[in-house]
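Quick note: the sequence shown, position 347, residue 347 per our numbering, numbers continuous. One structure is given here, and the rest of the page talks about it.
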Amino acid sequence: MLQKGTTEGNFGRAVPYSEWLGKLKQLWLRSVQKLEKGANLVFLKWGLLLFIVGVMLGRAAILSDLYPFALPFFAAVFVLRKNKALLAATAVLIGTIWGLTFNVPYVLAGLFLFLVFYQLVSKYKSNTRWALPATVFAASFISRLAITYFTMGTVSQYHLFMGAIEAGLALMLTMIFLQSLPLLSPRRKQRALKNEEIVCFVILIASVMTGAIGWVIYGLGAEHVLARYLVLLFALAGGAAIGSTVGVVTGLILSLATVVNLYQMSLLAFAGLLGGLLKDGNKLGVSFGLFVGTALIALYGQGLGNAGITVMESVAAIALFLLTPKSAIQYLAKYVPGTVEHSHEQQRYMRKIRDVTAARVERFSDLFSTLSSSFTNDRESSHLQDKNVDGDRFLADITSSTCQKCFRKETCWVERFDTTYDLMGQVMTDIEEDERVSTWSYEKLKRHCIYPDRIAKTMKEQWGPHELRKVYARQLEESRRLVADQLQGVSQVMGDFAKEIQKEKEAHEQQEEQIHTALHDAGIDIGQVEVYNLTPRDVRIEIELGEHLGIEEAEKLIAPMLSGILSDHIIVDEEERERGVDAFSKVSFVSAKTYTIDRGSATVAQGGAWLSGDNHAAMQLGYGKFAVAISDGMGNGKKAYEESKATLNLLENLLQSGIDEKVAIQSMNSVLSLRADEEMFSTLDLTMIDLQTADTSFIKIGSMPSFIKRAGHVFSVESANLPMGIISEANFDVVTETLQDEDLLIMMSDGMFDGPKFIENKERWMKRIIAEMETDDPQELSDLLLEEVIRVSEGTIGDDMTVVVTKIKRNTPRWATIPMNKWKPPVYKQAQ
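In structure tokens:
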């Protein structure tokens, strides 16, 4: 007994209907794919479509006396697809024999003259841009006059005039076919069509339709049915503009073929316009538009007598259109600019390029990470070997020049190896510590070895070169560590960049329309709205301002309105003004940071000199981070100034590139420790503030304590670390604090502490001075602190002095939010 929703499968198994439907759907899709591949093989690759087009063009005519289609078609195929030239020649000859038998001599003569002229032109002229159209013109004109002379015995002015017109049409058709025939190639590049290419392609199709003139099926003209079917296809694929354009071009070609069809141009143009305007109704909407358009033009132009035939021709075209697969229309729409299908195709292509780029960046990231690991592994293995192998290597060098020639070598290094090894190691330790051999070690060595003086002397002589080799090895190790850290930092930056590439720009058409409508209804003259991100606290929108709007209106009016719409604090980020007479402004609106920074600084050089060895910098790091740094070069004057300046420049470049601050400082320390001048070192006082949360990281490398003043209370932030460049491995602590609104952060160099000589607890004294300052203006506080230190130092400036004061403030809008209709923006998933 089968249950409901099942059917009997193989061996009596009950199979759900959904499984059968899935299998049928897969079978149908495979059949459609095979059919498409077969059609592509037969029509495009084998050239059946070219053959059909050639036959129809071979029997096409204009005004019943001009036949300019056959020769341009063959010429274009001969140049673009030479392997199909014989097929094209056969097709045009068959078409001419079928519909225009009397024109066969002209076609044969034209084909022969074209081949001769084209070979001559190609042989003697390098630039063949105009060679093909000129050759077609000459072959068409000469063959027409020659055939006319042989058949009639004379050539009149009328024949000359008609031959020139026919040759001119052939020249233009050659250029048109050169642009349209590649669209029938199986290997054409997947790209959007230009407007000129679309028109040329329509002219080609309309020219083919002229070959169907005279075909009547149940009283209906085949060319009229096909023309309206063509208008329906393009109206649905490209809209009103493309539909009306196709209608005008098709009607014009048909009217040139027969003057009776002159009304077809207005009929098809109006039908294409109405059908395109009803594109949103899909096939039924476009069909209704064409039906109404053709009926109106038929009634207006021909009355009720022939209107029935026109309506029936439209009905036949609509029937063909409704039977056309949706995939065929979507395939056509992909090549028409401005359509949804074309936009999707472009997005698919951009996603493909994005994925390929991200994959390459990730591979480079993995490469740098692997290289960094290889250097790290070498460093770790050499670290382990330094303590054991280095001493053994030194002892091996000593024994090779002393014990190797001794007759007791076997006794010492084979029979009594451990004792000999321990004695030699003790002597080496004495020389390393005191640069001489202790009496106790010498006596033990003397009882064990018959040449103790030679051993001691050799060790003393070789110890200097051995220490030098150790220095070189240590520098090589530092170089390896620097390279490893830099490679790891680059790997991290490239990995983050690959993730950023993967973040696809979401489609915000609906939100853009809502924002545009809201601002426009409020009386704001704006143009295009582009939404890049709607994530709360990370909004980014670009708006094109109207003619009479500027940056002030954007700040005072549009930004408050956007704040009301998005329920977020929106401010103006930057303005971009186009050049030219009709210039317009494009303004970027972004989310404001939760906190803002005010900064002041004061500095003075030792003895009032021009150049101070202290340098300070403030930098914005990407979105939402702010860094303040002070560097003090050892000593004073120009050299110390250059040292601290170089340190800050290197730090800024590393941080701006996206490298983590810890890796950046380790890299800087390695660079400074490897430089040639070993007497110059730099301190670094770095503070990084998160402008969204006010979380602050303090990194102090040989620098003085920093102070935070909060509501009259002052507390210090300090960490004991050596200056950069003194030791190879910079071990530093990171102190984290959360600042609050109206907090003052005071950073200073060591000169501020060293100025007052008689004060013992200088940190406590500095806290008291800062607490007693009544001002909260950063610049004023910096000046007053520096002035107070100089006054207490009795006017002497014994060292470079620098103080930097940073004030963190909660960001309050300059302009009140304008209430608007609020809507909750969707939350988009970011690419991981």
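Just so it is clear, CB atoms sit at the ideal spot from N, CA and C, and this is done for glycine as well. Everything numeric in this text was worked out from a predicted model, so none of it was measured.
Assignment of beta-bridge partners to Phe626 by DSSP yields Gln620 and Ile689.
Restricting attention to Ala75, Leu323 and Ala646, the CA atom closest to the CA of Trp130 is found in Ala75. According to the DSSP assignment, Gln779 belongs to the alpha helix (DSSP H) that extends over Pro778 to Val792. Per DSSP, Leu48 is one residue of the alpha helix (DSSP H) stretching across Leu48 to Gly58. For Ser591, the secondary structure class from DSSP, reduced to helix, strand or coil, is strand. Within the same chain, Val121 and Leu171 come within 8 angstroms of Ala134 by CB-CB distance, once the 5 residues on both sides are set aside. Less than 8 angstroms separates the beta-carbon of Gly58 from that of Ala70. Where Ile165 is concerned, there is no enclosing beta strand (DSSP E), although the alpha helix (DSSP H) around it starts and stops at Gln157 to Ser180.
Cβ contact annotation for Ser491 (same chain, cutoff 7 angstroms, sequence separation greater than five): Ser365, Phe368, Ser369 and Ser372, in chain order. Taken through DSSP and simplified to helix, strand or coil, Ser697 comes out as strand.
Residue state for Ile213 is assigned as coil, using DSSP reduced to three classes.
Excluding the 5 residues flanking it on each side, His520 has same chain C-beta neighbours closer than 8 angstroms at Ile526, in chain order. In this structure, the alpha-carbon of Tyr229 lies about 38 angstroms from that of Tyr158.
For His616, the number of other beta carbons within 10 angstroms of its own is at least 16, and it is reported as buried.
Here Gly755 really is in contact with Met801; their C-beta atoms are around 7 angstroms apart, less than 8 angstroms.
Residue environment: His713 is assigned as exposed (fewer than 16 neighbouring CB atoms within 10 Å of its CB, all protein chains considered).
A straight-line Cα-Cα distance of about 24 angstroms links Leu49 and Arg30.
Three or more pairs of CB atoms, one per stretch, sit closer than 8 angstroms, so the segment 749–769 contacts the segment 784–797.
The three-state reading of DSSP puts Ile541 in strand, counting E and B together. For Gly550 and Glu196, the gap between their C-alpha atoms comes out near 38 angstroms. If you ignore the 5 residues before and after Ala592, its C-beta comes within less than 6 angstroms of the C-beta of His569, Ile571 and Asn811, all in its own chain and listed in chain order. Each of Gly272, Ser682 and Lys625 was checked against the Cα of Gln656, and the nearest Cα belongs to Lys625.
Scanning the segment 428–453 from its first residue to its last, the whole alpha helix (DSSP H) runs of 4-plus residues come out as 439–448.
Secondary structure note for His713: its beta strand (DSSP E) is the uninterrupted segment His713 to Val717. Here Arg354 carries a helix assignment [DSSP, helix/strand/coil]. In the structure shown, Asp741 falls within a coil segment according to DSSP collapsed to helix, strand and coil.
As a beta-bridge residue in DSSP terms, Arg710 pairs with His713.
Taking C-alpha positions only, Val248 is separated from Ile198 by approximately 13 angstroms. Counted as a single uninterrupted DSSP element, the stretch harbouring Lys82 is not any alpha helix (DSSP H), since DSSP gives it neither H nor E. Around the beta carbon of Gly219, fewer than 16 other beta carbons sit within 10 angstroms, so the residue counts as exposed. Going by DSSP, Arg408 is part of no beta strand (DSSP E) at all; its letter is neither H nor E. Runs of the alpha helix (DSSP H) spanning 4 or more residues and lying entirely within the segment 629–660 occur at 637–656, in chain order.
Under the three-state reduction of DSSP output, Ile665 falls in the helix class.
Here Ser706 is near Asp685, since their CB atoms are less than 8 angstroms apart. Taking a cut-off of 8 angstroms on C-beta distances, the segment 598–605 touches the segment 765–780, as three or more cross pairs fall below it. When C-alpha distances from Ala146 are compared across Glu552, Ala109 and Glu642, the shortest belongs to Ala109.
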